[in-house]
Structures are given as C-alpha cells and as structure tokens.
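Asks: Residue numbers (mature numbering (1 follows the signal peptide of the UniProt record, and there is no 0)): -19 to -1, 1 to 346.
Note that the Cβ used here is the ideal one computed from N, Cα and C, for glycine as well.
1) Where residue 304 and residue 341 are concerned, what is the direct C-alpha to C-alpha distance, given to the nearest angstrom?
2) How is residue 329 classed by DSSP in three states: helix, strand or coil?
3) How close, in whole Å, do the beta carbons of residue 61 and residue 45 come, if the pair is a contact with beta carbons under 8 Å?
4) Roughly how many angstroms separate the alpha carbons of residue 85 and residue 17, rounded to a whole number?
5) Going straight from the alpha carbon of residue 230 to that of residue 196, what length do you get?
6) So, are the CB atoms of residue 157 and residue 81 less than 9 Å apart?
7) Any idea which residues DSSP pairs residue 20 with across the strands?
8) Looking at the structure shown, is residue -16 part of a helix, part of a strand, or coil, going by DSSP?
9) Should residue 345 go down as buried or exposed, given a rule of 16 or more other Cβ atoms within 10 Å for buried?
10) Under DSSP, the beta strand (DSSP E) around residue 236 begins and ends at which residues?
11) So residue 163 is in the beta strand (DSSP E); what residue range does that whole segment cover?
12) Applying the criterion that 16 or more other CB atoms from any shown protein chain within 10 Å of the CB defines a buried residue, is residue 138 buried or exposed?
13) Determine the closest residue to residue 204 out of 180, 117, 166, 241, with distance taken between C-alpha atoms.
14) For residue 23, count neighbouring Cβ atoms within 10 angstroms of its own Cβ and tell me buried if that reaches 16, exposed if not.
15) So residue 267 and residue 236 are supposed to be a Cβ contact under 8 Å. How far apart are they, rounded?
16) Go ahead and label residue 171 buried or exposed: buried means 16 or more other beta carbons lie within 10 angstroms of its beta carbon, across all protein chains shown.
17) Does DSSP put residue 245 in a helix, in a strand, or in coil?
18) Can we say the segment 113 to 123 touches the segment 68 to 76, given the rule of at least three CB pairs closer than 8 Å?
19) Roughly how many angstroms lie between the CA atoms of residue 19 and residue 216, to the nearest whole one?
20) Just tell me which of 257, 77, 69 has its CA closest to the CA of residue 223.
21) Given residue 182, which residues of its chain have a CB within under 6 Å of its CB, disregarding the five upstream and five downstream residues?
22) Would you mind sorting residue 91 into buried or exposed? The rule is 16 or more other CB atoms within 10 Å of its CB.
23) Look at the Cβ atom of residue 295, then the Cβ atom of residue 5, and state whether they are nearer than 9 Å.
24) So for residue 265, helix, strand or coil by DSSP?
25) Using the rule of at least 16 other Cβ atoms within 10 Å of the residue's Cβ for burial, across every protein chain shown, is residue 330 buried or exposed?
26) Using the rule of at least 16 other Cβ atoms within 10 Å of the residue's Cβ for burial, across every protein chain shown, is residue 221 buried or exposed?
27) For the segment 238 to 250 against the segment 259 to 279, are there 3 or more C-beta pairs whose distance is under 8 Å?
28) Output the residue ranges of the beta strand (DSSP E) runs that lie fully inside the segment 129 to 193 and measure 3 residues or longer, sorted by chain position.
29) Buried or exposed: which applies to residue 239, given that a residue is buried once 16 or more other Cβ atoms fall within 10 Å of its Cβ?
30) Hey, residue 381 and residue 328 are a contact pair by Cβ (cut 8 Å); roughly how many whole angstroms apart?
31) Have a look at residue 111 and residue 32 and give me their C-alpha separation to the nearest angstrom.
32) Buried or exposed, going by whether 16 or more other CB atoms sit within 10 Å of the CB of residue 186?
33) In this structure, what does DSSP give as the bridge partners for residue 345?
34) Go through its chain and collect everything with a Cβ distance to residue 140's Cβ below 7 Å, but skip five positions before and after it.
35) Beta strand (DSSP E) containing residue 310: first to last residue?
36) Can the beta-carbon of residue 301 be found closer than 9 Å to that of residue 184?
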C-alpha cells in the first residue's frame, strides 16, 4: 500500500460531526494512511510518541498528546490540522503543574501522558497520566492521574482517584504502564469513562495466549463532581502472537476508548509481542447495559459474582494487509463530502526509528 497524506478533512463542504448526538458505527472503510517522518522537528520539539488524539469541531483542529516523560522536551501536546495533502502541526503546548511550572524530567515528578480529550461543553482539555511504579532500592511510586487543563496547558483541576488505583510497593494495585490509558466523554458532557490498560494485581493475571481471565476496569466519572460513580469489568482477548524468543515481553491491553453513549464504547485492544514487527489491533463495540458495577469488589479474581462488559469485534486492522504499528489513539473527525463520518487513528512510535508514527483515516459506514 502506498503511503498517502490523509485525505480531506477540511475540504469546503465537509460538515462537522456534532458530538451531542450518539454516533452509529457499523463498518469502517480505509481511505488513506500516512506516516510522519521519524523525529520530525517542530518549534524546538521532537514529534513522536503520539498516544492520544481528539477533534475540536468548533476550531477544526486536532489535539494530540505526546507521551514524552519530559525526557526529550517537557511533557506536551500538539495542535494539528489535516488537509487534502498534509498533516500540518500548528502549535505545541507544554503541560503545566499546579504551580504553573512545566513538568521536570525527574522520575518522581514527570508524568506519563497517555490520553487527551477536548470537552466542547467547557472548552477545556482533560488528560491522563499512568504514573510510575519502580520497586527497587530507589523505589518510586507515583499514582496515575486525570487532569483538567486550559488550552494553553494551565492546570485547572484533577479528578478523584480511588485508593484501588494507587501505586503500591507490593504486588497490589495497578501494574506499571498498565493504568489510565484511554478516556472519553458521553456526548451530553455528563460522564467520563477512563480505562486501565491491564489488570490490577488483585484482579488477576495479565492476558496470555489462550482463553484469558484478564479483566481490566473501566471507571465512570461524573464530570461535574469529578468523582467516580461506577466501575465495570472488561475481559481482554488473548495475546495475538507468541514472542520471539518465547521468554520475551508480550502484552494485550486497551490502548484507547471512544465513548458513543452512556452505555456504549468503542475499544481498541492492542497486542504486541517481542520479535513480531506488527501490532495486532482490534476494535470492539462494548456495551455496559448489563454489566455489574464492581466498585465494591476489590478482587475480580476472588469474587466471580459479576457480569462483565459485553463486546463484539467491529474491525481487525490485519484486514488492511499493511504494516500496523502501535495504535494508541482514535477520534471522530468531521463528515466527509458524502455525508458519512470520518474516523482517525494514530500510532505511537515510542520515539523509535524502528517504529512509525502512523495516521489512518477511515470512512464510517
């Protein structure tokens, strides 16, 4: 497949998808794929590590959060426009701490940014950090977090994080790099959902290669109070491929969610195995209608009396027959000239020359 610039999205005549209506997604058709050059410089920063994307319908721009832990440059997000022949980055904005300073590179203070959404009801951005868990002689325990900021990166507020999701020095709580990976709002702006990438220690093992009992949690927040009101258990699929060599790293987890309604989500499961170049990316439609609120269940491994989120696979990126990298973000874009919605996915290259920053543009049918 050729590598194209993303098609359309600011064509005159394209209409904007309104976020207060519940989108319907039954089928995806790829329009174009484009790859950003490795280590592309922009305004004194290095573009890469793009782990979340969202669309501002009023300004017709995209916000892309970067998962640089202030190691290359300060923790930040980008603003971009997608046109008929280019992806044009227009601004870079540093994320700021409550004291107004940018985040330093020190491991006990630097965030691990993973997801970002624009709230059209407030004009603010909300982003998540996975925190840090290093357990050795220099133990570092930094809790994951969800933060509300202005468009210029200023800290405005944070969301209450239940103690179940605080980092622990023992095998309890969330795993390192397995916490708040995706988030999204209901179209009416009343609720926010935030997902773990992998199971908490108490909730059972990580995903394996056969039928798995790996359950992650999806938190439901009231946006006005900024407090959680429910939690749901979601069962991960098995890891798609064995690593090479067989004793090396592998994972399957949720890399992003897109909220369709208060009871329906789109969910990306991203599977990676060392020695296998491609990631396996599967998109699911998930329903919370019959799912149990598991907020008061400390261990999903020990207590079996709950109903998990139901899910159905909508799309497998393997069907594209092209190299698929580490897709970590998705958003609806504006409508295409034929009236159908557009959907954009972005891959995080981890700032590695062996990986690619990819964009995929789909037509939603």
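Replies: The relevant details are as follows:
1) For residue 304 and residue 341, the gap between their C-alpha atoms comes out near 12 Å.
2) The answer is coil: DSSP assigns residue 329 none of H, G, I, E or B.
3) Yes, residue 61 and residue 45 are in contact; Cβ-Cβ is about 6 Å, under 8 Å.
4) Cα atoms of residue 85 and residue 17: separation of roughly 27 Å, rounded to the nearest angstrom.
5) Going by the C-alpha atoms only, they are around 19 Å apart.
6) It is not a contact, given that the beta carbons lie outside the stated cut-off.
7) Per DSSP, none; premise fails for residue 20.
8) Confidence in residue -16 is poor, its pLDDT being 35 and thus under 50, which makes the residue's placement too unreliable to answer from.
9) Counting Cβ neighbours within 10 Å, residue 345 comes out buried, since at least 16 surround it.
10) 231 to 240 is the extent of the beta strand (DSSP E) around residue 236.
11) From DSSP, the beta strand (DSSP E) with residue 163 extends over 161 to 166.
12) Residue 138 is classed as exposed because its beta carbon has fewer than 16 other beta carbons within 10 Å across all chains shown.
13) Closest in C-alpha terms to residue 204, from the list 180, 117, 166, 241, comes 166.
14) By the Cβ neighbour-count rule, residue 23 is exposed, with fewer than 16 other Cβ atoms within 10 Å of its own.
15) For residue 267 against residue 236, the beta-carbon gap comes to about 14 Å, at or over 8 Å, which does not count as contact.
16) That one is exposed.
17) Here residue 245 carries a strand assignment [DSSP, helix/strand/coil].
18) They do not touch, by the three-pair rule.
19) One C-alpha to the other measures close to 35 Å.
20) Among 257, 77, 69, the Cα nearest to that of residue 223 belongs to 257.
21) Excluding the 5 residues flanking it on each side, residue 182 has same chain C-beta neighbours closer than 6 Å at 152, 153, in chain order.
22) That one is buried.
23) Their beta carbons are not under 9 Å apart, which means residue 295 does not touch residue 5 by this criterion.
24) In the structure shown, residue 265 sits in a strand (DSSP, three-state: E or B).
25) Buried: at least 16 other Cβ atoms inside 10 Å.
26) Residue 221 should be labelled buried.
27) Output reads yes: the segment 259 to 279 touches the segment 238 to 250.
28) Correct list: 136 to 139, 161 to 166, 172 to 177.
29) Buried.
30) Here the chain comprises residues numbered -19 to 346, so residue 381 is not present and cannot be evaluated.
31) Spanning the two alpha carbons is a distance of roughly 12 Å.
32) Residue 186 is exposed by the Cβ-count criterion.
33) BP columns for residue 345 point to 9, 322.
34) Apart from the 5 residues on each side of it in sequence, residue 140 sits with its Cβ closer than 7 Å to the Cβ of 127, 202, 207 in its chain, given in chain order.
35) Annotation for residue 310: the continuous beta strand (DSSP E) segment containing it runs 308 to 316.
36) No, the Cβ-Cβ distance between residue 301 and residue 184 is not below 9 Å.
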